[in-house]
Amino acid sequence: MELTLHGDRTVKTVAKELELPAWQLYEWRKLYGPRPGDAGPAPRTLEEAEQEIARLRAAVIRMREREIVLKKSLGILSETPESGMPRLKR
Numbered sequence: 007m008e009l010t011l012h013g014d015r016t017v018k019t020v021a022k023e024l025e026l027p028a029w030q031l032y033e034w035r036k037l038y039g040p041r042p043g044d045a046g047p048a049p050r051t052l053e054e055a056e057q058e059i060a061r062l063r064a065a066v067i068r069m070r071e072r073e074i075v076l077k078k079s080l081g082i083l084s085e086t087p088e089s090g091m092p093r094l095k096r
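Sequential numbering of the sequence shown, starting at 7, is according to my numbering.
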């Protein structure tokens, strides 16, 4: 399958070389190949890897902060209203 994804040969050419039906390679590509939205290729240098790690750590921190805010919001919205506030009819 890698030969069809990263080479300049067509699926039919690779299938002939491997003595496989072309439909089988297409099926393998569909099942095991890259999907839209998948992460791109791995960083190529140490510096790129460190930048990626820093970016991912910052994203995790933002997600944790959002989670905390959502939990607090849910707690506030789940409280029973005080006497001065109208109640929702259920």
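Beta carbons are placed, not taken as given, at the ideal position from N, Cα and C, and that holds for glycine.
Endpoints, alpha helix (DSSP H) assigned at residue i
i     : result
GLU58 : 52-84
ARG15 : Segment: none, ARG15 is in no alpha helix (DSSP H) and carries neither H nor E.
LEU37 : 28-38
Beta-carbon gap between residue i and residue j smaller than 8 Å
i     : j     : result
TYR32 : VAL17 : yes
THR10 : ARG41 : no
Any non-hydrogen atom of the ligand SAM within 7 Å of residue i CB
i    : result
LEU9 : What this structure holds is no ligand at all, so the ligand SAM is not there to describe.
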